[in-house]
Amino acid sequence: MATTDRRATTLALAHALSAEERGLAVIPLARTKLPALRSPHRDAPAPEPFACRGECGRLGHGVHDASTDPDRVRALFAAAPWATGYGIACGLPPHHLIGVDLDTKSAVAQTDSSTALRELALRHLFTIPPTVVVLTPSGGRHLWLTGPPDHVVPNSAGRLAPGIDIRGAGGYLVGPGSRTRHGAYTIAPGTSHLRPAPCPPALLRLLLPPPVRRTDGESAGAGRGLVQFVLAAHEGQRNTRLFWAACRAYENGVGAVLLAPLLDAARATGLTEREARATIASAARMTGRHP
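The opening residue of the sequence shown carries number 235 in the working numbering; numbering runs sequentially from there.
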């Protein structure tokens, strides 16, 4: 197993270096698809682990460690010899990468995500241009698109349509050539020679968060609805409902305001303070915000 892992790490580093040569900032990933290096602040009292984005100078800040410097990339992998894959940071120059993650797992989407994307394209009059496509072990696909430098596309989960997740600023895509617990990520046939295509303007408008123009009363009403959604969770739904509500709160610009009410609601359903804070922090990272 150790020999296999060393071989997987060597291959992952080679693929990561190839990606950085194309201007893509990379980090090492573990077999879980999570960043291979643990946070140096993991033992600090909450919410301190989520405050530092690498300013301390140490490794272990997830996507904030991502680099296009080959020496830095080698140092990251040297610090994580168990890494078997690499992540590609989205939203960074020069490509300002946007990842459209089409999931096919029935637990995530009731309808096929590719069909949902086609329906969106027909409804909003856009087409996905030929671009890089990465095949996932579960049968899903990652479409690579580029965005304009003056727009920040946030991460989202299921907001565009069921089964369609967006990787934007603060997020990352698992790079082709990575090996995970469930298998390998590979470039789709016929797309390896392509460059990431510009995101169609009509799709970009759907990906950008709508401007928040709510009155205090409207914000309070929306907040109460999200809190009630969490409070109504049964056992087995608590983390899922809290994550969904926190994502909606951050996307609508009221994440900071609702942090305490959502924590109170989560504790009322039986989650611990630490579990609730970790779930809300994951939602903040997913949407490109920080609690």
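Glycine residues also receive a C-beta, built at the ideal position from the N, C-alpha and C atoms.
Report the three-state DSSP secondary structure of residue i (helix, strand or coil).
i	result
residue 362	coil
residue 304	helix
residue 376	strand
residue 384	coil
residue 516	helix
residue 248	helix
residue 474	helix
residue 488	coil
residue 338	coil
residue 413	strand
residue 259	coil
residue 502	helix
residue 442	coil
residue 296	helix
residue 432	strand
residue 269	strand
residue 287	coil
residue 239	helix
residue 495	helix
residue 426	coil
residue 510	helix
Classify residue i: buried if its beta carbon has 16 or more other beta carbons within 10 angstroms, exposed otherwise.
i	result
residue 253	buried
residue 442	exposed
residue 329	buried
residue 497	buried
residue 372	exposed
residue 426	exposed
residue 481	buried
residue 468	exposed
residue 413	buried
residue 494	exposed
residue 317	buried
residue 242	buried
Rounding to the nearest angstrom, what Cα-Cα distance links residue i and residue j in this structure?
i	j	result
residue 440	residue 519	20 angstroms
residue 399	residue 277	31 angstroms
residue 363	residue 408	21 angstroms
residue 322	residue 459	36 angstroms
residue 379	residue 473	31 angstroms
residue 532	residue 366	Because residue 532 is not part of the residues shown, which for the chain are 235 to 525, the question remains open.
residue 258	residue 303	10 angstroms
residue 434	residue 511	36 angstroms
residue 267	residue 240	17 angstroms
residue 332	residue 326	10 angstroms
residue 391	residue 245	30 angstroms
residue 475	residue 401	21 angstroms
residue 508	residue 295	19 angstroms
residue 423	residue 521	31 angstroms
residue 348	residue 416	21 angstroms
residue 393	residue 336	13 angstroms
For residue i, list the residues DSSP reports as bridge partners.
i	result
residue 369	375, 420
residue 391	399
residue 323	406
residue 331	380
Let me see if you follow: with CB-CB separation under 8 angstroms, is residue i close to chain C or not?
i	result
residue 405	Given the protein chain composition of this structure (a single chain), no chain C is represented.
With respect to 7 angstroms, is the separation between the Cβ of residue i and the closest non-hydrogen atom of the ligand SAH below this value?
i	result
residue 241	Inclusion of the ligand SAH in the displayed structure is not the case, the ligand content being empty and no account of it being possible.
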